[in-house]
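**Q** Right, I'll just put the structure down here and ask away after.
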Amino acid sequence: MSSMEPGPSTGDHPLPVVAQAPFYAVHPRTDCPHVESNVAPLPEAGLDASAPCSTCQDPTENWVCLKCFRVFCSRYINGDMAQHMGETGHKVALSFADMSVWCDGCDSYISHEVVRPAKRAAYRSKFGEDFPENSEDAENSAAR
0 MSSMEPGPST GDHPLPVVAQ APFYAVHPRT DCPHVESNVA PLPEAGLDAS APCSTCQDPT
60 ENWVCLKCFR VFCSRYINGD MAQHMGETGH KVALSFADMS VWCDGCDSYI SHEVVRPAKR
120 AAYRSKFGED FPENSEDAEN SAAR
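Positions 0 to 143 (numbering that gives the first Met the number 0) are the ones given, in order, by the sequence shown.
What follows is the structure in structure tokens.
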């Protein structure tokens, strides 16, 4: 679309044409030294991927702490998970948005077999079905 052609709009105001932004592949760290001491066994009740933030009650963009299983919002909402990690020293959390796992101690996304039960439980809660086997195979390949 050229800049002269009409594009999407919100009422009388055209939306700006945004330049293509480059995308970057995320390569999760597979040698996180914090993961085993910061991931507790899953609670019997499992995980609730629709749980709101424990602090602000925001229902979007939430993470679950894999040490205490409290749910907090991301830095893009109110930053309650970052605050929780800073105050408690808990380092590993799982995103309910995309099932990624973050280690605050490594400042990196991570992949490790210890987090797989939590990823499976979150996926089952969010989508009502088991985690696709091919997704786990891809994660296993990345971890090698």
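Where is the CB? At the ideal position from N, CA and C, for every residue including glycine.
1) May I ask you to report which of helix, strand or coil DSSP gives F126?
2) Exposed or buried, what is E132 when buried is set at 16 or more other beta-carbons lying within 10 Å of its beta-carbon?
3) Tell me whether A117 sits in a helix, a strand or coil according to DSSP, three-state version.
4) Less than 6 Å between C-beta atoms, sequence neighbours within five positions excluded: which residues of the same chain meet that for P27?
5) Please confirm whether A48 and A121 have their CB atoms less than 7 Å apart.
6) Thinking C-beta only, is N61 closer than 7 Å to C67?
7) Report the partner residues of N61 according to the DSSP bridge assignment.
8) Considering just the uninterrupted stretch of the alpha helix (DSSP H) at S94, what are its terminal residues?
**A** In short:
1) helix
2) exposed
3) helix
4) Y108, I109, S110
5) yes
6) no
7) C72
8) Where S94 is concerned, there is no enclosing alpha helix (DSSP H), although the beta strand (DSSP E) it sits in stretches over 91–94.
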